[in-house]
Amino acid sequence: MSSVLPFPAPERRPEPTSAAPPGRLTAAGLGGHRERLRQRARGAGLAHLPDYELLELFLFRSQPQGDVKPIAKTLLARFGSLAAVLAAPVEDLMTVRAEDARGRVKGVGAETALDLAALHEVARRVLREEAVTRPVIASWTALVSYVRVALQHEPREQFRVLFLDNHNKLILDEVQNRGTVDHAPVYPREVVRRALELSAKNLIIVHNHPSGDPTPSRADIQMTRQVIDAARALEIAVHDHLVVGREGVASFKQLGLM
Numbered sequence: 001m002s003s004v005l006p007f008p009a010p011e012r013r014p015e016p017t018s019a020a021p022p023g024r025l026t027a028a029g030l031g032g033h034r035e036r037l038r039q040r041a042r043g044a045g046l047a048h049l050p051d052y053e054l055l056e057l058f059l060f061r062s063q064p065q066g067d068v069k070p071i072a073k074t075l076l077a078r079f080g081s082l083a084a085v086l087a088a089p090v091e092d093l094m095t096v097r098a099e100d101a102r103g104r105v106k107g108v109g110a111e112t113a114l115d116l117a118a119l120h121e122v123a124r125r126v127l128r129e130e131a132v133t134r135p136v137i138a139s140w141t142a143l144v145s146y147v148r149v150a151l152q153h154e155p156r157e158q159f160r161v162l163f164l165d166n167h168n169k170l171i172l173d174e175v176q177n178r179g180t181v182d183h184a185p186v187y188p189r190e191v192v193r194r195a196l197e198l199s200a201k202n203l204i205i206v207h208n209h210p211s212g213d214p215t216p217s218r219a220d221i222q223m224t225r226q227v228i229d230a231a232r233a234l235e236i237a238v239h240d241h242l243v244v245g246r247e248g249v250a251s252f253k254q255l256g257l258m
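First residue of the sequence shown: 1, per UniProt numbering; consecutive thereafter.
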């Protein structure tokens, strides 16, 4: 009998795998998804991306790792539109949670919420520049776009005044008062006093309806007449009163209310 013992068979160990459970993406897959999305954006152009992918592309900056598609889709579902996501208060953004492709629950942290708020402010300032580079009356479409971005998703009423010089160029866009979900106090004498301080010769009144419907209320009409009367006594003209809602912008002048 041979004294040489046979070598034992090598232990079979499971081979390492990067496969994820069905429906889940691996870390490598996530990286590939990001690059594929960037390539599509470069190739077809950003205008061809759906809202959730455009939002994803932006979220890559503040969340450099992980799957942000569920967060992007949850943000849009929660707030209703891309514009509403960007206009949402930072505190509300930070309550959003979503399960990522690897089964982990992730949220919108303080940094991401601030980035989204900053993007909204960039859009507001760009539209403001377009609205005020020429006399406001001559760039009415740009003005309407500006006030919509600034106010259509505000959760509380704001009353603001655009103070214009004698050439109808903007001197100042100022928030006079912030109020509740359905009322912001307005003081005609304060509006006129501020116009005198700024040497403004013309005004455009703007406020929002958080309900979404921009139709002027009876109180809106009465208040506008009071401001017009107070301004007329000092030879200051009120060009219009714009009411901003998610459904559009109502113009007192176009409605024949002034």
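Where is the CB? At the ideal position from N, CA and C, for every residue including glycine.
Close-in-space but distant-in-sequence residues of the same chain around R34 (CB under 7 Å, 5 per side omitted): Around R34: F60.
Whole-number beta carbon distance between A184 and H207, since they are thought to touch under 8 Å: 6 Å
Coil, strand or helix - Q176 by DSSP: strand
E99 at chain D interface by Cβ criterion, 8 Å: Of the protein chains in this structure there is only one, and it is not chain D.
Completely contained alpha helix (DSSP H) runs for the UniProt domain "MPN" (136–258), where each covers 4 or more residues: 140–151, 188–197 and 218–232
Cβ-based neighbour list, V147, same chain, cut-off 7 Å, excluding 5 preceding and 5 following: V206, L242, V244 and V249
Sequence-distant residues of the same chain with beta carbon closer than 6 Å to I228, five excluded per side: V238
Same chain, Cβ closer than 7 Å to G43, five either side skipped, listed in chain order: none
Alpha-carbon spacing of residue 317 relative to A117, whole angstroms: As shown, the chain starts at 1 and ends at 258. That puts residue 317 outside it, with no answer to give.
H167 burial status per 10 Å Cβ neighbour count (16 or more: buried): exposed
Start-to-end residues for the alpha helix (DSSP H) that takes in A98: Taken as a continuous stretch (DSSP letters only), A98 belongs to no alpha helix (DSSP H), being part of the beta strand (DSSP E) at R97 to E99.
Other residues of its chain near D92: CB distance less than 7 Å, five sequence neighbours each side excluded: none
Whole-number beta carbon distance between R189 and A230, since they are thought to touch under 8 Å: The C-beta separation of A230 from R189 comes to about 6 Å, placing the pair in contact by the 8 Å criterion.
Which listed residue (L170, D213 and P216) has its alpha carbon closest to that of L198: Nearest option by C-alpha distance: L170.
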